[in-house]
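Quick note on full-length UniProt numbering: the sequence shown kicks off at 1 and runs consecutively. Built from N, CA and C at the ideal position, the CB exists for glycine as well.
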Amino acid sequence: MSEVLKASGVRRSYNEAGNEMIVIDDVSFSVNSGERVAIIGASGSGKSTLLNILGGLDKPDSGDVSVAGEALYQVSEVRRSAIRNRHLGFVYQFHHLLNEFSALENVAMPLVLGRHSVAEARKAAEELLEQVGMGHRLKHKPGKLSGGERQRVAIARALVCKPACVLMDEPTGNLDRHTAQEVENCLDQLNRESGTAFVTVTHDLALARRMDRAVEIVDGRLQPWLFD
1 MSEVLKASGV RRSYNEAGNE MIVIDDVSFS VNSGERVAII GASGSGKSTL
51 LNILGGLDKP DSGDVSVAGE ALYQVSEVRR SAIRNRHLGF VYQFHHLLNE
101 FSALENVAMP LVLGRHSVAE ARKAAEELLE QVGMGHRLKH KPGKLSGGER
151 QRVAIARALV CKPACVLMDE PTGNLDRHTA QEVENCLDQL NRESGTAFVT
201 VTHDLALARR MDRAVEIVDG RLQPWLFD
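So this is what it looks like as structure tokens:
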């Protein structure tokens, strides 16, 4: 398996009332193609901060992150955005779909913005929505979809550009247990079929146990989390 994501010596701190608060402390971490990894930890432990650094959204104080072999923080913001758009997908607890557009339009949009033809983008979006069980809701806008359906659309949008890795922040945190399990089953199937890696920040230990491995943030550092 090839390495699709790698953090090397990443450190991130914030200044709070004149005092330095270290959130991420010398973290090194890698993810292989097709691998599913959970990042767990207490509230405020730095999980989302680490995910944002891995995704090129928050620059570390020191260290670097490589995506598909290219260093994110040694290139211009324009190049970093291009790497992010080409190789990474993002799924959040709240779907962040555009309410004025249909499910099909929401999923097609990243391809259209990436200068694919509208016809090509719509075809790819329709195929992926079929794959996540939303083929019957293509024309529905987010306000007409359930929470689980909206999250399936968000997952399809994250995958439509065929990224090497999808970064997810509490992807089932806003769903009831039954709906969450349906979304988790969908993610498992997509992982098997696409070979895309998934890195998931979660409080949900049941979701973490479904991953290939899990790591825990403790005092700003990563340590293996042993499945019980």
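Cβ distance (whole Å) where Arg150 is taken to contact Gly133 below 8 angstroms: Between Gly133 and Arg150 the Cβ distance is about 13 angstroms, and since that is not below 8 angstroms, they are no contact.
Thr172, DSSP secondary structure in three states: coil
Alpha-carbon spacing of Ala214 relative to Arg84, whole angstroms: 23 angstroms
Ser62 and Arg11 closer than 7 angstroms at C-beta: yes
Endpoints, the beta strand (DSSP E) within which Asp64 is located: Ser62 to Val67
Inter-residue CB distance, Ser33 and Val75 (contact presumed, cutoff 8 angstroms): That belief does not hold up - the Cβ atoms of Ser33 and Val75 are roughly 22 angstroms apart, past 8 angstroms.
First through last residue of the alpha helix (DSSP H) which encompasses Gln74: Gln74 -> no alpha helix (DSSP H), and no H or E assigned at all.
Cβ shell of Ile58 (< 6 angstroms), same chain only, five flanking positions each side left out: Reading off the sequence shown, one finds Asp at residue 58, where the question assumed Ile. Taken in chain order, the residues that qualify are Asn52.
Thr202 to Thr172 span [Cα, whole Å]: 8 angstroms
For Val153, the first and last residue of its enclosing beta strand (DSSP E): First-last for Val153: Gly147 to Leu159, but that is the alpha helix (DSSP H), not the beta strand (DSSP E).
Sequence-distant residues of its chain with Cβ nearer than 8 angstroms to Tyr14 (five each side left out): Glu20, Met21 and Val23
Assigned secondary structure, Ile200 (DSSP; H/G/I helix, E/B strand, else coil): First, the residue type needs correcting, since residue 200 is Thr and not Ile in the sequence shown. Reduced to three states, the DSSP call for Thr200 is strand.
Whole-number beta carbon distance between Lys6 and Val91, since they are thought to touch under 8 angstroms: In fact, because the Cβ distance is near 21 angstroms, the residues do not count as touching under 8 angstroms.
Met134 in three-state terms, based on DSSP: coil
Exposed unless 16 or more other CB atoms sit within 10 angstroms - verdict on Lys47: buried
Cβ separation of His96 and Ala42, assumed to be a contact under 8 angstroms, to the nearest whole Å: In fact, because the Cβ distance is near 25 angstroms, the residues do not count as touching under 8 angstroms.
For Asn185, the first and last residue of its enclosing alpha helix (DSSP H): Arg177 to Ser194
For Ala7: DSSP bridge partner residues: Phe29 and Val65
Start-to-end residues for the beta strand (DSSP E) that takes in Ala38: Arg36 to Ile40
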